[in-house]
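Residue numbers (the numbering used here): 1 to 342.
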Ligand code: UDP
């Protein structure tokens, strides 16, 4: 079985990707320091896949540990690099925490790929690299604007570091995947999103509110220039997103890439407002969401959604699950999570 190193493989997107890799006959090697995840995720992955997935626990900012692990798995065909801090608001308060972790771990990954001749890299990037674009939908050639947060800047710098690296190390190829808004959970309810403390993101906030853990959802901003005044995003089911990673590693492995660093937008191409998401949640689950429209959240952009034509064409991939599949699976996961806690 072909090994694929999955850094951050115990996280939300990483765990779903490990499952999709295993389903396609790959051998995922998960690296994670468990800073924002838990060992129980591995049980979920193993149950879904009926395998014993390899897990290496260490911190990728440790260059010696990284080198040691990559040497051990030097027969891997590639690396999917998810491991990173991701809370936008925290990154504004603690910028160096984000720069140190996200940048140093990427550099260590690249160095150890090079020294162990591991040829293919998939990098977790984000639509935050675009800021508030002037023209929608966003294509991969939409100009990159000044980052809104240190988190967003680590994704911009990360892409640039990879560019510079592959330009001089032609034996390594990379794809940066620019995610829009991943939500939902695996339909087995064995893995899903595990927010740490009060959720920052919309869907976990909705599901926790409906479950009774939070009193009400605050909808940030009701006077945006959109069809109902609330902000628009391109939500994508995490399982669709995970499948795009498998397609990406296959593209590099088969040397079908047209440049040594390619970029793809991963979304559905459809923009939904916050109120649209609430409606979809209510329709798909039969539950009411208690919400109030409040002031805008600073740093939020008004509207962003993807043009996904390039990803559809080059990866042979298209998001299949709709907004109600997403909201329903997020709710099923929330219910399952709380039932196993009590
Ligand atoms: N949002 C909201 N209330 C919340 C969390 C998010 O109204 O408690 C809105 C947010 O302003 C944005 C959308 O939901 O318009 C998606 O936010 P999220 O934090 O999930 O992702 P982002 O697009 O900011 O990365």
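For glycine and all other residues, C-beta sits at the position ideal for the given N, C-alpha and C.
Report yes if the CB atom of residue i is closer than 9 Å to the CB atom of residue j, and no otherwise.
i	j	result
residue 87	residue 102	no
residue 266	residue 308	yes
residue 13	residue 235	no
residue 257	residue 173	yes
residue 291	residue 232	no
residue 272	residue 310	no
residue 166	residue 16	no
residue 253	residue 169	no
residue 124	residue 152	no
residue 57	residue 33	yes
residue 262	residue 314	yes
residue 19	residue 45	yes
residue 70	residue 113	yes
residue 200	residue 299	no
Return yes when at least one heavy atom of the ligand UDP lies under 8 Å from the C-beta of residue i, else no.
i	result
residue 190	no
residue 203	yes
residue 251	no
residue 217	yes
residue 300	yes
residue 289	no
residue 297	yes
residue 221	yes
residue 178	no
residue 137	no
residue 274	yes
residue 200	yes
residue 154	no
residue 306	no
residue 268	no
residue 210	no
residue 88	yes
residue 285	no
residue 84	no
residue 7	no
residue 181	yes
DSSP three-state label for residue i, please.
i	result
residue 165	helix
residue 303	strand
residue 261	strand
residue 54	strand
residue 128	helix
residue 81	strand
residue 180	coil
residue 103	helix
residue 314	helix
residue 273	strand
residue 203	helix
residue 292	strand
residue 325	helix
residue 251	helix
residue 3	strand
residue 117	coil
residue 31	strand
residue 135	coil
residue 235	strand
If I'm right that residue i touches residue j with Cβ under 8 Å, what's the distance once you round it to whole angstroms?
i	j	result
residue 74	residue 117	7 Å
residue 122	residue 81	7 Å
residue 150	residue 63	With a Cβ gap of about 22 Å, residue 150 and residue 63 do not count as contacting.
residue 184	residue 10	Not quite, the Cβ-Cβ distance comes to about 18 Å (not below 8 Å), so this is no contact.
residue 66	residue 100	In fact, because the Cβ distance is near 15 Å, the residues do not count as touching under 8 Å.
residue 268	residue 319	4 Å
residue 3	residue 77	7 Å
Does the region 273-288 come within contact of the region 189-199, defined as at least 3 CB pairs closer than 8 Å? Segments in contact, no.
Could you tell me whether the region 135-149 touches the region 211-230, using the rule of 3 or more Cβ pairs below 8 Å? no
Taking contact to mean at least 3 C-beta pairs separated by less than 8 Å, is the region 144-157 in contact with the region 124-133? yes
Taking contact to mean at least 3 C-beta pairs separated by less than 8 Å, is the region 330-341 in contact with the region 159-169? Cβ pair count under 8 Å is below three, so no.
Is it a yes or a no for the region 237-249 touching the region 15-26, going by three-plus beta-carbon pairs under 8 Å? yes
Does the count of Cβ pairs from the region 35-48 and the region 205-219 closer than 8 Å reach three? Contact fails: fewer than three Cβ-Cβ distances are below 8 Å.
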